[in-house]
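Per the numbering used here, residue 3 is the first one in the sequence shown, and the count goes up by one each step.
Just below is one structure, and these are the notes that go with it.
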Amino acid sequence: MSSTIFDRARPAQSVVTAALAGTRQSSFWLCDLAPRASYPRLSGDLSCDLAIVGGGYLGLWSAVLAKQQNPAARVVLLEARTVGWAASGRNGGFCEASLTHGEENGRNRWPKEIDRLTALGQENLDGIERAVASLGLDCDFERTGAIDLAIEQHQVDWLREESTDENTVFLDQAAVQAEVASPTYLAGVWHRRSNALVHPGKLAAELARVATDLGVEIFEHSLVQNLDTTGLSAAQGTRVVSKGGTVTAQKTALATNVFPSLLKRNKLATVPVYDYVLMTEPLDASQLASIGWQNRQGLSDLANQFHYYRLSADNRILFGGYDAVYHYGRKVRSSYENRPESFEKLASHFFTTFPQLAGVRFSHKWAGAIDTSTQFCAFFGQARHGRISYAAGFTGLGVGATHFAAQVMLDQLAGRTTERTELAMVRGRPLSFPPEPIASAGIQVTRWALNRADHNCGQRNALLKTLDALGLGFDS
3 MSSTIFDRAR PAQSVVTAAL AGTRQSSFWL CDLAPRASYP RLSGDLSCDL AIVGGGYLGL
63 WSAVLAKQQN PAARVVLLEA RTVGWAASGR NGGFCEASLT HGEENGRNRW PKEIDRLTAL
123 GQENLDGIER AVASLGLDCD FERTGAIDLA IEQHQVDWLR EESTDENTVF LDQAAVQAEV
183 ASPTYLAGVW HRRSNALVHP GKLAAELARV ATDLGVEIFE HSLVQNLDTT GLSAAQGTRV
243 VSKGGTVTAQ KTALATNVFP SLLKRNKLAT VPVYDYVLMT EPLDASQLAS IGWQNRQGLS
303 DLANQFHYYR LSADNRILFG GYDAVYHYGR KVRSSYENRP ESFEKLASHF FTTFPQLAGV
363 RFSHKWAGAI DTSTQFCAFF GQARHGRISY AAGFTGLGVG ATHFAAQVML DQLAGRTTER
423 TELAMVRGRP LSFPPEPIAS AGIQVTRWAL NRADHNCGQR NALLKTLDAL GLGFDS
């Protein structure tokens, strides 16, 4: 096998070790929040028009939009821990327009709809930008676009195949390095309008603030244990049962992301894949000057095991990705978040990318579980005769796509037939992952094959070609 740039241009181990010394194991986005509002535990029984299970982006957007659509409705949101503590407070803050995990994935799966899906995704991002302004969401929103980066020669050829226009610009080596100075960059495509950057923790906290201002009742530390419709008609709804009490809701929206589904049908629909992230200390003026990056785009490379990175409002660099780790049994555990070998690998790759920043330290390191589906993007559905709607499987694109998904769920629960609800992407369902031990074995061999492809000029072996043909895969 051939080597990659990260094999050929490794930094000194002493640089990596020094950069990670004293790094705090915690999400920077959550540490950076001002003292946050706290919400009570559910204690006792109540009834409402809409119950929402989950206090991440999907649940919060559902709550805000529901109250905007019907201010008189009683809306209750139940969160197992605290608002935004999981994926919504640990992601890279890339708010992407794509609803389908990229144009190629969408075209392969929904060729008749891809043009409309692309337009709806762009409209969704525009809608989020308008909501940030109209609701006064203080979340460091920046519509910077994003650059897809070629860091190996075969990736340059891939980029040259892309269609370009005024908002999709091919950058040759000189042009891409004029945008961001890295010796690893061979070319890029700058998608000027397809991405915004946000502060993930602030976005969640601000959505919760707006929701409560609109009259939504939020309960934290209120783990939902089951959904009970025994003896209830469809019009009477569902009992949403937690240890502290029961919420009887006419309609229920499930926004549980990577955590075990409350519906049996979704037990095998996703797998939790752990993604690892580093955040530097703030760069000083000379360090910033050494890398350029004046247009502050989001960045990612084109490998199967890819990196994503961006600047924060105070000019730190977030650098994440590459390792995508699945643990046997679909478990989500805090012990999986501290993986020294992943953090060391990321730090090494960071200094290969930006050797001029040797001496910079990482202030924070963390991990989070991504709800991965076999179609690489969200799926939707209803249960219990229309009383319950759900969306899951965002596969790393939830920052933007949850806004769209919340609209889908609310349309479904209201019985509205809309363009969104009639999409094949919404009406269909991806294949599930197999049970253990097949799931673990299959995912590990797929990871091996993806790594091999990255070390073989992107050439996919028979296994990956077969999975491609079946519309199956593993991604983060």
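We put the beta carbon where it would ideally sit given N, CA and C, even for glycine.
No experiment lies behind these values; they were computed from the predicted model shown.
Continuous alpha helix (DSSP H) stretch holding Thr354: start and end
Per DSSP, Thr354 is one residue of the alpha helix (DSSP H) stretching across 342 to 355.
Near Leu285, what residues of its chain come up, given a Cβ to Cβ distance below 6 Å and the 5 sequence neighbours on each side ignored?
Hits under 6 Å: Asn317.
Starting from the Cα of Met411, find the closest Cα among Ala257, Gln377, Tyr328 and give me that residue.
Ala257 is the residue among Ala257, Gln377, Tyr328 whose C-alpha sits nearest the C-alpha of Met411.
Would DSSP call Arg312 helix, strand or coil?
Strand at Arg312.
For Ser350, which of Cys33, Ser16, Val447 has the nearest alpha-carbon?
Nearest of Cys33, Ser16, Val447 to Ser350, Cα basis: Ser16.
Using the rule of at least 16 other Cβ atoms within 10 Å of the residue's Cβ for burial, across every protein chain shown, is Glu343 buried or exposed?
When all chains shown are included, Glu343 counts as exposed.
So, does the region 334 to 343 touch the region 213 to 221, judging by three or more C-beta pairs under 8 Å?
No, the region 334 to 343 does not touch the region 213 to 221.
Quick one: Cα of Glu2 to Cα of Leu264, how far?
Missing from the structure shown is residue 2; the chain here goes from 3 to 478 and no further.
CB-CB under 6 Å to Thr420, same chain, minus the five flanking residues each way: which ones, in chain order?
Asp413, listed in sequence order.
If you count every other CB in all the chains shown that lies within 10 Å of the CB of Asp142, and 16 or more means buried, which is it?
Buried, by the Cβ-count rule.
Is Ala366 near Ser28, with beta carbons less than 7 Å apart?
Per the sequence shown, residue 366 should be read as His rather than Ala. Remark: C-beta atoms of His366 and Ser28 approach each other more closely than 7 Å.
Integer-rounded CB distance, given that Val171 should sit under 8 Å from Arg194
The pair is a contact, with the Cβ atoms about 7 Å apart (cut-off 8 Å).
Taking the alpha-carbon positions, what's the Asp325 to Ser302 distance?
When only Cα atoms are considered, Asp325 and Ser302 end up about 14 Å apart.
Taking 7 Å as the cut-off, decide whether the C-beta atoms of Gly203 and Gly91 are in contact.
Their beta carbons are under 7 Å apart, which means Gly203 touches Gly91 by this criterion.
Under 8 Å by Cβ, that's how I've got Asn463 and Ser4 pegged, so tell me the actual separation to the nearest angstrom.
Incorrect: roughly 14 Å between the Cβ atoms, too far for contact.
Using three-state DSSP, classify Gln289 as helix, strand or coil.
Helix, per DSSP.
Give the secondary structure of Ala385 by DSSP, where H, G and I count as helix, E and B as strand, and everything else as coil.
In this structure, Ala385 counts as strand in the three-state DSSP scheme.
If we count the other Cβ atoms within 10 Å of its Cβ and call it buried at 16 or more, is Tyr330 buried or exposed?
Flag for Tyr330 reads exposed.
Length at least 3, wholly inside the region 20 to 60: the beta strand (DSSP E) runs in chain order
DSSP runs (the beta strand (DSSP E)) wholly in the region 20 to 60: 48 to 55.
Among the candidates Arg43, Arg389, Leu425, whose CA atom is the shortest distance from the CA of Ala236?
Ranking the options by Cα distance to Ala236, first place goes to Arg389.
Supposed close pair Ser196, Ser100 - CB separation, criterion 8 Å
The pair is a contact, with the Cβ atoms about 7 Å apart (cut-off 8 Å).
With the cut-off set at 7 Å, would you say Val362 and Gly322 are in Cβ contact?
No, Cβ-Cβ distance for Val362 and Gly322 is not below 7 Å.
Decide if Ser136 is buried, meaning its Cβ has at least 16 other Cβ atoms within 10 Å, or exposed.
With fewer than 16 Cβ atoms within 10 Å of its Cβ, Ser136 is classed as exposed.
Nearest-angstrom Cα distance between Val78 and Trp295?
Cα-Cα distance, rounded: 43 Å.
What residue range is occupied by the uninterrupted alpha helix (DSSP H) comprising His405?
Note, His405: alpha helix (DSSP H), 400 to 416.
Using the C-alpha atoms, what's the distance from Thr468 back to Cys50?
For Cys50 and Thr468, the distance between alpha carbons rounds to 48 Å.
Applying the 10 Å Cβ sphere with the 16-neighbour rule, what's the burial state of Ile440?
With a threshold of 16 other beta carbon atoms within 10 Å, Ile440 falls short and is exposed.
Do Gln175 and Leu188 come within 7 Å of each other at the CB atom, strictly closer than that value?
It is a contact, given that the beta carbons lie within the stated cut-off.
Verify whether the separation of the beta carbon atoms of Asp277 and Gly190 is less than 7 Å.
No.
Exposed or buried, which one is Phe387 when buried takes at least 16 other CB atoms within 10 Å?
Checking the displayed sequence, the identity of residue 387 turns out to be His instead of Phe. Exposed, because fewer than 16 other Cβ atoms sit within 10 Å of the Cβ of His387.
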